[in-house]
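Peer 1: Got a structure for you, written out below as structure tokens; questions coming shortly.
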Amino acid sequence: MKLDYDILMEKAARIKLLVLDVDGVLTDGTIVYDSSGEQIQAFHVHDGLGIKLLQKHGVHVAIITARGSDALSKRARELGIEYLYENIQHKVRQYLELAAELGVTEEETCYIGDDLIDIKMLKLAGLGVTVPNSASTVRDYAQYVTGKPGGMGAVREVCDLILKAKGLWGEILNGYAAI
Numbered sequence: 038m039k040l041d042y043d044i045l046m047e048k049a050a051r052i053k054l055l056v057l058d059v060d061g062v063l064t065d066g067t068i069v070y071d072s073s074g075e076q077i078q079a080f081h082v083h084d085g086l087g088i089k090l091l092q093k094h095g096v097h098v099a100i101i102t103a104r105g106s107d108a109l110s111k112r113a114r115e116l117g118i119e120y121l122y123e124n125i126q127h128k129v130r131q132y133l134e135l136a137a138e139l140g141v142t143e144e145e146t147c148y149i150g151d152d153l154i155d156i157k158m159l160k161l162a163g164l165g166v167t168v169p170n171s172a173s174t175v176r177d178y179a180q181y182v183t184g185k186p187g188g189m190g191a192v193r194e195v196c197d198l199i200l201k202a203k204g205l206w207g208e209i210l211n212g213y214a215a216i
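Going by our numbering, the first residue of the sequence shown is number 38, and it counts up by one from there.
Here it is in structure tokens:
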């Protein structure tokens with residue numbers, strides 16, 4: 038169910054909580070191990086700034102992932118993401134607990150996921166988003182598919198969309214462009 042632009046912006050303007058999957062969303066989905074068996078993950082710097090801008094403007098950001106890694110924990114700390122849930126197989130249950138804690142409704146939640154484990158969250162969230170490199174079936178459950186692939190700025194694209202929908206983009210841009 039794809040949304041027309043006006044409805045998309047209306048939904049994005051309501052967002053108070055952005056919930057992210059990791060593999061295939063914050064990363065390109067590739068899993069690499071070094072010679073000692075430690076997982077290596079690459080995160081896009083543009084996604085990080087988008088997350089920081091959302092947080093600065095009062096939008097909570099959470100990560101709920103079925104896997105976990107030291108690299109992810111470090112990146113979440115760097116970005117000030119206080120809601121990091123790793124090794125979670127029942128994402129909806131974890132989300133509902135967090136939403137209750139924050140006093141956020143489903144309509145005020147945006148979720149970005151890319152695989153079968155994410156379908157329930159995509160259906161539940163007020164704005165369900167996936168990436169073009171998601172499992173093809175998942176796109177049937179998303180309301181919006183980013184132009185950028187996972188791990189390559191897709192999260193930033195959604196952050197910018199939310200900020201624009203909230204009418205904050207001009208202020209943000211002026212903050213960076215003013216001399």
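Beta carbons: idealized from backbone N, C-alpha and C, even for Gly.
From a predicted model like this one, the values you see are computed outputs, not experimental measurements.
Output the boundary residues of the beta strand (DSSP E) element that contains Gly190.
Peer 2: Looking at the DSSP string, Gly190 is not in any beta strand (DSSP E), and its letter there is neither H nor E.
Peer 1: With 16 other CB atoms within 10 Å as the buried threshold, where does Asp60 fall?
Peer 2: The residue is buried, with at least 16 neighbouring Cβ atoms inside 10 Å.
Peer 1: Apart from the five residues just before and just after Lys128, which ones in its own chain have a Cβ nearer than 6 Å to its Cβ?
Peer 2: Result list for Lys128: Ile101, Met158, in chain order.
Peer 1: Quick check on the DSSP output: what are the complete beta strand (DSSP E) runs of length 3 or more inside the segment 115-151, in order along the chain?
Peer 2: 120-122, 146-149, all fully within the segment 115-151.
Peer 1: Using the Cβ count rule (16 or more neighbours within 10 Å means buried), how would you classify Arg112?
Peer 2: That one is buried.
Peer 1: Got a sec, what are the start and stop residues for the beta strand (DSSP E) Thr167 sits in?
Peer 2: Run containing Thr167: 164-167, per the beta strand (DSSP E) assignment.
Peer 1: Candidates Asp151, Glu145, Val141, Tyr181: which alpha carbon is nearest Lys203's?
Peer 2: The candidate whose alpha carbon is nearest that of Lys203 is Glu145.
Peer 1: To the nearest whole angstrom, what separates the beta carbons of Ile118 and Ile154, a pair I think is in contact under 8 Å?
Peer 2: Not quite, the Cβ-Cβ distance comes to about 20 Å (not below 8 Å), so this is no contact.
Peer 1: Comparing the CB of Val195 with every heavy atom of the ligand MG, is any distance shorter than 6 Å?
Peer 2: The ligand MG is absent from the structure shown, which contains no ligands of any kind.
Peer 1: Under DSSP, the beta strand (DSSP E) around His97 begins and ends at which residues?
Peer 2: Its beta strand (DSSP E) spans residues 97-101.
Peer 1: Mark Thr67 as exposed unless 16 or more other C-beta atoms lie within 10 angstroms of its C-beta, in which case mark it buried.
Peer 2: So Thr67 counts as exposed.
Peer 1: Taking 7 Å as the threshold (C-beta atoms), are Arg176 and Val182 in contact?
Peer 2: Taking 7 Å as the Cβ cut-off, Val182 and Arg176 qualify as a contacting pair.
Peer 1: Quick one: using the 10 Å Cβ neighbour count with 16 as the cut-off for buried, is Gly187 buried or exposed?
Peer 2: Classification of Gly187: buried, given that the 10 Å Cβ count is 16 or more.
Peer 1: Our contact map puts Lys185 next to Ala179 with C-beta atoms below 8 Å; I'd like the distance itself, whole angstroms only.
Peer 2: Actually they are not in contact, since the Cβ atoms of Lys185 and Ala179 sit about 14 Å apart, beyond 8 Å.
Peer 1: Going by alpha carbons, who is nearest to Val141 out of Leu198, Leu54, Val62?
Peer 2: Comparing Cα positions, the closest option is Leu54.
Peer 1: Would you say Leu135 and Tyr120 are within 7 Å of each other, going by their C-beta atoms?
Peer 2: Yes, they are a contact pair.
Peer 1: Note the first and the last residue of the continuous alpha helix (DSSP H) segment covering Leu159.
Peer 2: Unbroken alpha helix (DSSP H) run through Leu159: 156-161.
Peer 1: Mark Glu194 as exposed unless 16 or more other C-beta atoms lie within 10 angstroms of its C-beta, in which case mark it buried.
Peer 2: Glu194 should be labelled buried.
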